[in-house]
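So for the sequence shown, this note's numbering puts the first residue at 43; every next one is plus one.
Glycine residues also receive a C-beta, built at the ideal position from the N, C-alpha and C atoms.
Following: one structure in structure tokens, then a few remarks.
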Amino acid sequence: MNDSYLVAAGTGLRFILEDRGESILKTIAVPVPVSVTAIGDARNAVGFMIIVLPFQETDLERAVAIVAKQTSVAKPSPRAAGTTFPLTLEAALV
43 MNDSYLVAAG
53 TGLRFILEDR
63 GESILKTIAV
73 PVPVSVTAIG
83 DARNAVGFMI
93 IVLPFQETDL
103 ERAVAIVAKQ
113 TSVAKPSPRA
123 AGTTFPLTLE
133 AALV
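Encoded structure:
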């Protein structure tokens, strides 16, 4: 399901750029947060994976398959690493 949302967001961004007459990149890399098991006292541990969205792929089923393949490979890495600090509003605004 999240793979579909990533493709939808990328497709929406592509439409906006096309509407503005901007050149369209072949792909765009985006950071995607991944929930990780609590580490020590950190209950909001989070990791990130970088997913390359197929920006010029017009077949949405194929685009979702491309993203799904990447996320299935990438998820274990940030889940294993994660962060050990709790995310606070103050930290997010810095």
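Checklist line | Pick from Leu67, Ser65 and Gly52 that is closest to Pro73, judged by C-alpha positions | finding: Gly52
Notebook entry, point to check: Exposed or buried, Pro96, counting other C-beta atoms within 10 Å across all chains shown (16 or more means buried)?
Noted result: buried
Check: Does the Cβ of Leu48 have 16 or more other Cβ atoms within 10 Å, making it buried, or fewer, making it exposed?
Finding: buried
Check: Are the CB atoms of Glu140 and Ile108 nearer to each other than 8 Å?
Finding: Shown here, the chain extends from 43 to 136; a query on residue 140 therefore has no answer.
Item checked: DSSP beta-bridge partners of Phe57 -> Phe57 pairs with nothing; no bridge assigned.
Item checked: Residue range of the beta strand (DSSP E) that includes Ser114 -> Unbroken run through Ser114 is the alpha helix (DSSP H), Leu102 to Ala116; no beta strand (DSSP E).
Check: Out of curiosity, what's the CA-to-CA distance linking Gly89 and Ser46?
Finding: 20 Å
Check: Would you say Met91 and Val76 are within 8 Å of each other, going by their C-beta atoms?
Finding: yes
Next item on the list: Return the chain-ordered list of same chain residues with a C-beta closer than 8 Å to the C-beta of Ile66, the five sequence neighbours on each side being excluded.
Entry: Result list for Ile66: Arg56, Leu59, Glu60, Phe97 and Gln98, in chain order.
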